[in-house]
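S.K.: Handing you this structure, nothing more for now.
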Amino acid sequence: MLSKALSAAVFGIDAYVVEVEVDVGSGRMGDFNVVGLPDIAVKESRERIKSALKNCGFEFPNPQSVTINLAPADIRKEGSGFDLPMALGILGCQGTFFGKPLNGQLFLGELSLDGSVRPVRGTLSAALCAREQGIRNVVVPEANAREAAVVEGIEVYAIRSLPQAVDLVNAPESFKPVQLDARALLADAAQYPLDPRDVRGQQGAKRALEVACAGSHKSFS
Amino acid sequence: MLAMRIPTIFPPMSLEEAIERTRIHSVAGLLEDALGLVGTRPFRSPRHTISDAGLIGGGAMPRPGEVSLGHNGVLFLDELPEFQRNVLEVLRQPLEEGAVTISRAALSVTFPARFMLAAAMNPCPCGFFDDSSHECHCTPPQIQRYVSKISGPLLDRIDIHIDVPAVKYKELRGEAATEDSAAVRERVVRARKRQLERFASEKRIYANAQMPPKLIRKHCAISAEGEKLLETAVTRLGLSARAHDRILKVARTIADLDSAADIASRHLSEAIQYRTLDRTYWA
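Chains as they are written, first to last, in the numbering used here: chain S, 14 to 234; chain V, 16 to 298.
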């Protein structure tokens with residue numbers, strides 16, 4: 014049984030879409046392999062996924078074999094953001110989603126052993142990449158949701174745990190996307206706690222910095 | 016102390032700049048969770064023990080370094096001569112191009128890195144050279160060794176040098192009314208606007224500091240009086256051709272802050288005094 018989920022990986026500060034393909038039952042019994050140039054954090058996700066599935070009351074397809082491919086397979090993948098799409102892929106192979114395809118959403122998230130979803134790096138880049146690739150729905154850990162919601166033109170869903178992600182796939186209508194007004198947020202966020210006024214004297218230096226800022230020059234004191 | 020406050024007088028960030036800033040910090044894993052979007056310009060001040068990989072970025076899967084974390088903001092290097100020389104030299108590419116490329120056998124990654132470099136140093140190892148109230152105990156070779164850690168090419172890329180004398184007691188305690196950041200920022204924004212209008216027809220030039228020689232000739236015309244002043248400065252102080260260009264560019268900015276169409280001699284003389292290091296050590 015084969016199942017596919019979408020995720021994203023960061024390269025530089027840009028992200029690209031990674032297709033997480035999960036196949037259950039094609040290899041040697043009891044094997045759990047991840048291919049597609051995973052680094053150590055990605056390989057270790059096997060242990061996190063096994064525990065998370067067990068502790069959330071889902072079944073790990075024992076003693077069948079599990080093979081996961083991260084496509085494109087020739088770019089090195091790093092980080093823990095594939096935990097969630099991999100776990101969902103395994104569940105998809107077991108019919109948890111009643112045959113519903115997983116490739117309408119982009120999933121990101123690190124799994125904790127108890128099945129809760131932890132924040133990952135580069136969520137904003139992934140959200141921008143999803144918009145570019147025409148993927149409308151992005152599912153991210155709750156802690157990263159505001160960051161992703163800054164991107165206009167996509168729907169961002171915040172989840173806290175693996176069972177919640179399963180519910181989201183099965184009944185998307187019961188979830189609301191995160192709403193955020195980026196411009197209002199920017200106006201709020203553009204406040205500095207410091208003011209040059211608090212520094213006594215040094216008028217010459219202050220003037221020089223004003224000139225530097227005004228002309229984009231480099232300064233040295 | 017003052018350097019930390021530089022971002023407050025910068026023009027406010029646009030949404031695109033804020034998104035770019037948030038992205039870089041998110042990739043580096045430095046974002047505070049609840050924030051969402053970061054609207055303040057970054058201020059990065061790495062310690063002098065930083066490695067070159069830490070400064071420009073690195074790792075098997077390269078992550079952004081301090082120059083990229085300071086993108087659209089300020090990179091402040093305190094005690095500049097204490098940094099390792101090879102670390103300072105890697106700053107050249109980002110200073111010239113506004114981006115930094117990290118090449119590995121298998122991949123090559125480019126990070127944005129357009130920042131304002133601000134640096135501070137003591138005039139000599141003991142810090143009292145040229146100080147009226149203390150005597151400096153450093154020998155000339157010691158001072159020479161100290162300042163020679165900063166290469167000429169790097170110094171050449173720095174537009175504004177200033178002496179910051181110790182604050183007098185009266186100033187320290189006095190309630191001298193100084194401007195707050197909003198007032199200064201307003202002037203800065205106005206000056207930037209003038210520059211944008213000036214360079215509207217040019218490609219990839221947004222500020223006076225980026226003017227190539229051709230545009231310097233076009234936009235930095237000076238009066239006969241100013242010409243004499245500049246000639247004296249260049250010959251007496253033995254300034255380089257690069258320093259000459261920088262003086263003109265900085266004078267242009269000072270005139271912009273003044274909302275003046277032409278560079279007057281007072282603008283020029285202020286710009287000339289921002290080359291103190293050329294005079295003290297490298298002349």
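Beta carbons: idealized from backbone N, C-alpha and C, even for Gly. All values derive from a computational prediction rather than experimental measurement.
Is there a Cβ from chain S that is less than 8 angstroms from the Cβ of residue 101 of chain V?
M.R.: No, residue 101 of chain V lies away from the interface with chain S (no Cβ there is under 8 angstroms from its Cβ).
S.K.: Residue 128 of chain S and residue 238 of chain S - do their beta-carbons sit closer together than 8 angstroms?
M.R.: In the structure displayed, chain S extends from 14 to 234; residue 238 of chain S sits before or after that span and is not available.
S.K.: For the beta strand (DSSP E) containing residue 101 of chain V, name the first residue and the last one.
M.R.: Element bounds for residue 101 of chain V: not the beta strand (DSSP E) but the alpha helix (DSSP H), 100-104.
S.K.: Cβ of residue 87 of chain V less than 8 angstroms from any chain S Cβ?
M.R.: False, the Cβ-Cβ gap to chain S never drops below 8 angstroms.
S.K.: With DSSP as the reference, please indicate the residues paired to residue 164 of chain V in a beta bridge.
M.R.: Residue 164 of chain V is not bridged to any residue.
S.K.: Over the uninterrupted alpha helix (DSSP H) stretch that includes residue 117 of chain V, give me the two end residues.
M.R.: Unbroken run through residue 117 of chain V is the beta strand (DSSP E), 114-118; no alpha helix (DSSP H).
S.K.: Identify which residue in V/172, V/183, V/56 has its Cα closest to the Cα of residue 111 of chain V.
M.R.: It is V/172.
S.K.: Using a Cβ cut-off of 7 angstroms, pull out every chain S residue sitting near residue 27 of chain V, in sequence order please.
M.R.: Those are 203, listed as they occur along chain S.
S.K.: Report the rounded CA-to-CA distance for residue 114 of chain S versus residue 183 of chain S, giving the unit in angstroms.
M.R.: Spanning the two alpha carbons is a distance of roughly 10 angstroms.
S.K.: Can the beta-carbon of residue 35 of chain S be found closer than 8 angstroms to that of residue 79 of chain S?
M.R.: It is a contact, given that the beta carbons lie within the stated cut-off.
S.K.: For residue 198 of chain V, count neighbouring Cβ atoms within 10 angstroms of its own Cβ and tell me buried if that reaches 16, exposed if not.
M.R.: Classification of residue 198 of chain V: exposed, given that the 10 Å Cβ count is below 16.
S.K.: Is the distance from the Cβ of residue 272 of chain V to the Cβ of residue 224 of chain S below 8 angstroms?
M.R.: Yes.
S.K.: Tell me whether the stretch 63-75 of chain V and the stretch 28-41 of chain V touch, counting them as touching only if at least three CB pairs, one residue from each stretch, are closer than 8 angstroms.
M.R.: The stretch 63-75 of chain V vs the stretch 28-41 of chain V: no contact.
S.K.: For chain S, find out if any of its Cβ atoms is closer than 8 angstroms to the Cβ of residue 223 of chain V; answer yes or no.
M.R.: Yes, its Cβ sits closer than 8 angstroms to a Cβ of chain S.
S.K.: Once you ignore the five residues that flank residue 196 of chain V on each side, which residues in its own chain have a CB closer than 6 angstroms to its CB?
M.R.: 23, 24.
S.K.: Three-state secondary structure (DSSP) at residue 75 of chain S?
M.R.: If DSSP states are grouped into helix, strand and coil, residue 75 of chain S belongs with coil.
S.K.: If the cut is a Cβ gap below 8 angstroms, which residues of chain S does residue 17 of chain V touch?
M.R.: Simply 209, 212, 215, 218, 219, 222.
S.K.: For residue 69 of chain V, would you say it is in contact with chain S, using Cβ-to-Cβ distances shorter than 8 angstroms as the test?
M.R.: Cβ-Cβ to chain S under 8 angstroms: no for residue 69 of chain V.
S.K.: Does the beta carbon of residue 94 of chain S sit closer than 8 angstroms to a beta carbon anywhere in chain V?
M.R.: No, no contact with chain V.
S.K.: Three-state secondary structure (DSSP) at residue 80 of chain S?
M.R.: The answer is strand: DSSP assigns residue 80 of chain S an E or B state.
S.K.: By DSSP, does residue 203 of chain S sit in helix, in strand, or in coil?
M.R.: Reduced to three states, the DSSP call for residue 203 of chain S is coil.
S.K.: Within 8 angstroms of any Cβ in chain S, is that where the Cβ of residue 37 of chain V sits?
M.R.: Judged by the 8 angstroms Cβ criterion, residue 37 of chain V is in contact with chain S.
S.K.: Starting from the C-beta of residue 298 of chain V, find all residues in its chain whose C-beta is less than 7 angstroms away, skip the five residues before and the five after it, and write them out in chain order.
M.R.: With a pLDDT of only 37 at residue 298 of chain V, under 50, the local geometry of the prediction cannot be trusted, and the value read off the model is given with reservation. Around residue 298 of chain V: 252, 253.
S.K.: Could you tell me which chain S residues have their CB closer than 7 angstroms to the CB of residue 277 of chain V, listed as they occur along the chain?
M.R.: In chain order: nothing, as chain S lies at least about 16 angstroms away.
S.K.: Rounded to the nearest angstrom, what separates residue 107 of chain V and residue 259 of chain V at their Cα positions?
M.R.: Going by the C-alpha atoms only, they are around 20 angstroms apart.
S.K.: Below 8 angstroms between beta carbons is the criterion; list the residues of the stretch 44-59 of chain V that meet it against any residue of chain S, in chain order.
M.R.: Residues 44, 46, 48, 49, 50, 51, 52, 53, 54, 55.
S.K.: Applying the 10 Å Cβ sphere with the 16-neighbour rule, what's the burial state of residue 230 of chain S?
M.R.: It counts as buried.
S.K.: If residue 58 of chain V and residue 102 of chain V are in contact, beta carbons under 8 angstroms, what's the gap, nearest whole angstrom?
M.R.: Incorrect: roughly 19 angstroms between the Cβ atoms, too far for contact.
S.K.: At 8 angstroms on the CB atoms, spell out the chain S contacts of residue 272 of chain V, in chain order.
M.R.: Those within 8 angstroms of residue 272 of chain V in chain S are 223, 224, 227.
S.K.: Taking all protein chains shown into account, decide if residue 179 of chain V is buried (16 or more other Cβ within 10 angstroms of its Cβ) or exposed.
M.R.: Classification for residue 179 of chain V: exposed.
S.K.: Against chain S, with Cβ distances strictly below 8 angstroms, would residue 34 of chain V count as a contact?
M.R.: Closer than 8 angstroms: yes.
S.K.: What ranges does the alpha helix (DSSP H) occupy inside the stretch 84-132 of chain S, keeping only unbroken runs of at least 4 residues that lie completely in it?
M.R.: Here the runs fully enclosed are 96-106.
S.K.: Pick helix, strand or coil for residue 144 of chain S, following the three-state DSSP scheme.
M.R.: In this structure, residue 144 of chain S counts as helix in the three-state DSSP scheme.
S.K.: Quick one: does residue 79 of chain V have its CB under 8 angstroms from some CB of chain S?
M.R.: True, the Cβ-Cβ gap to chain S drops below 8 angstroms.
S.K.: Shortest alpha-carbon distance to residue 191 of chain S belongs to which of S/44, S/168, S/73?
M.R.: When each option's Cα is compared against that of residue 191 of chain S, the closest is S/168.
S.K.: Assign residue 72 of chain V to one of three DSSP states: helix, strand, or coil.
M.R.: Of the three classes helix, strand and coil, the one that applies to residue 72 of chain V here is strand, per DSSP.
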